[in-house]
């Protein structure tokens, strides 16, 4: 019987080649999308789960409470916290600090910058899984001047991993001895590093406050003996810290390492789980569209198989046997689609990896992944087959054989509903995609309060400070250079903050958090940041080293009628306000502008910023490179276009836009294919009635209108459903964005009009073909 069913499936598929190809390809594309997204989702969920006993590993985070109910959630913790926790709480098996820094490795032409130096404690190896190629994990970080290299970095520097005992020079002055070589750390780890250095060595890289409770700039990880009483442990941690009178506004908490990648402890901030949910939902939508096509075409063609069903029932086939047969056909179609989908994934996966910056691989040894795909295939087979099986098996032999079953009538209402669902999903995706494009365009062109055009920056180290002024003066002599300045942070990446600030008349019951940075003169000139009052720093005023410039938001908090010359007490220093800058966005554009103060200095600068009169041509860059080499021959020349760095902040938005765009095009394609095939079948079924209309005087345009009218009506209904749903979804996606583009009416109207046009174009060919039929050709055989 099974062989008979398979033969019947082959014959039916062969008779309707067009519909078979449409079904198979549509389902294949839907399955391919699902497979790619499941690969990506599995990769994201696997982060840090390769550690032994990863369920016992936690990262410490802080919740800092400030005025007006503002709460800051941060993984930045004091360097003293790790030792304190291990000493005070026996529930903690091990604790370790971790921080990143960058340095130039080597000297001269072979020197290069490494931005992934990891600084940690020897206890790091007790918490995290590290595979050693050579060296001893219990000894490798005991010495202050030791360094552990990853396999990749060892080969890059020495062309071999047999390097224990050799030395490495960082920034031309720090000499470290290689004590171990380890395997490259897995990509699915939240901590990434090229090497590991003793944590205390950060002092030699100009990092302050590593042993201070008031300096939060490092990560703290703990491994617990058990996880039964985490809430009680957190409570005791905060009670002990309160006894030390360190801070009344800060609470410490533990976050599972397995959740750090996808989730954010701050409920109001972005979490990667949102992107994952969106992509999985989009893949699900595309798969649903493909399933709808399958169901629609099978039920629409049900009448063509009515006689087969009638005869089978007459000769003794039960309804159960018919249901099983049609389920088998559904599963066979799904399996063929799966085979094609595997080929599509193999073809499109490199493009997906390029878009999201991943290295996903479809491995047949990944049994967990294929188990999920098997479940998807079973679900698709059941969902796609259940309604057609019930429809086909329900035909009554007496009506079928007497010709009383109206062709295509069975399930017509269901098909209309499915088309409406299909286009609702498509219009929804089109609206969201258009908005993402509009949002990125908004970010690109909106006034952030500064001008980023014609600016490059170069990394600057403490060792370069003695020659800074001379270097800057030489650069300024280049005719095409307009300004040369320096800053501790780029103007849209200022994250350092402090609550150690006060002024006369301040409400002592309120604690305010002020963002801060250090900048040289011409900082506001280079970025065209406007002054609301007063002036910016200038080397013409030596007293500016004891002055401060604030932004408008800070001025509103201080709330003085005459803010200029007001004295602010910052970190114990009395600093005079000499200027108020117009507010500008110094963090990710999604957040509100916070209070900011800038200090004047030429130390602790991390960037040299150069603004050109127009653009940086080759001749100008050659002059900059020559001057840099003259002043700092031991350091490699590096420069980055400021705008490139700015747009890197919006990588999540760009990825989402790209994926949504690609999947929306695919959803439109699947919808069009389904509508085209359904229109072809309906036109074929209604050919006689339309010809009779033509005989009775209906014009060609009238017949075209009849065919187009039903389909456009379904699309309009879809739009009425999709538009409010997409508006709700967009509101949810951007609810945490203080600044985003308007929900313009034309986005929703444009998506609906586009769907109507696509539907009309899709159906128009079949409508024209039917309207131009010669009635004689149809009626001659009646």
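Residue numbers (our numbering): 680 to 1461.
Glycine included, each C-beta is placed from N, C-alpha and C at the ideal position.
Residue range 1231-1237 is occupied by the alpha helix (DSSP H) that includes residue 1237. DSSP, reduced to helix, strand and coil, places residue 746 within a helical segment of the structure shown. Partner residues in the beta bridge of residue 1181, as assigned by DSSP, are 1248.
Per the coordinates, the alpha-carbon of residue 1246 lies some 14 Å from the alpha-carbon of residue 1277.
Going by beta carbons, residue 825 and residue 858 fall inside the 7 Å limit.
Secondary structure at residue 824: coil, using DSSP grouped into helix, strand and coil. Leaving aside the five residues that flank residue 718 on each side, the residues in its chain whose CB is nearer than 6 Å to its CB run, in chain order, 1039. Scanning the segment 1396-1448 for uninterrupted beta strand (DSSP E) segments of 3 residues or longer gives nothing; none is fully contained.
At a Cβ-Cβ threshold of 7 Å, residue 1200 and residue 1176 do not count as neighbours.
Only buried fits residue 1151, as 16 or more other CB atoms lie within 10 angstroms of its CB.
Remark: C-beta atoms of residue 1113 and residue 902 do not approach each other more closely than 7 Å. Membership of residue 796 in the beta strand (DSSP E) is indicated by the continuous run 791-799. Residue 1149 sits exposed, since fewer than 16 C-beta atoms from the chains shown fall within 10 Å of its C-beta. Of the other Cβ atoms in all chains shown, fewer than 16 fall within 10 Å of the Cβ of residue 1124; this residue is therefore exposed.
Beyond the five residues adjoining it in sequence on each side, residue 1203 comes within less than 6 Å, by CB distance, of 1215 in the same chain, given in chain order.
By DSSP's assignment, residue 1212 forms a beta bridge with 1259. Cβ-Cβ distances below 7 Å link residue 1350 to 968, 1101, 1102 and 1105 in the same chain, with the five nearest sequence neighbours on each side left out; the list follows chain order. In the DSSP assignment, residue 854 falls outside any alpha helix (DSSP H) and within the unbroken beta strand (DSSP E) covering 853-861.
In the DSSP assignment, residue 1307 falls within the alpha helix (DSSP H) that extends over 1297-1310. Within the DSSP bridge table, the entry for residue 923 names no partner.
Short of 6 Å from the beta carbon of residue 1280, and not among the five residues preceding or following it, lie these beta carbons of its own chain, in chain order: 1197.
Nearest C-alpha to residue 925 among 891, 899 and 949: 891.
The Cβ-Cβ distance between residue 1398 and residue 1431 falls below 7 Å.
Segment contact: the segment 730-749 against the segment 1055-1069, fewer than three CB-CB distances shorter than 8 Å; contact not assigned.
Scanning its chain for C-beta atoms nearer than 8 Å, with the 5 sequence neighbours on each side dropped, one finds around residue 1332 the residues 1115, 1118, 1119 and 1122, in chain order.
Taking 7 Å as the cut-off, the beta carbon of residue 777 is found closer than this to the beta carbon of residue 898. Restricting attention to 763, 934, 952 and 758, the CA atom closest to the CA of residue 887 is found in 758. Put simply, the backbone Cα of residue 1262 is about 16 Å away from that of residue 1174. Beyond the five residues adjoining it in sequence on each side, residue 917 comes within less than 7 Å, by CB distance, of 930 and 931 in the same chain, given in chain order.
Distance from the CA of residue 1223 to the CA of residue 730, rounded to the nearest whole angstrom, comes to 52 Å.
When beta bridges are read from the DSSP output, residue 1118 appears opposite no residue. Counting every other CB atom within 10 Å of its CB across the protein chains shown gives residue 1412 a total of 16 or more, marking it as buried. In the three-state scheme derived from DSSP, where H, G and I count as helix and E and B as strand, residue 944 is classed as coil. Counted as a single uninterrupted DSSP element, the alpha helix (DSSP H) harbouring residue 806 occupies residues 803-806. Cβ contact annotation for residue 1433 (same chain, cutoff 7 Å, sequence separation greater than five): 1109, in chain order.
Within the same chain, 1237 and 1247 come within 6 Å of residue 1182 by CB-CB distance, once the 5 residues on both sides are set aside.
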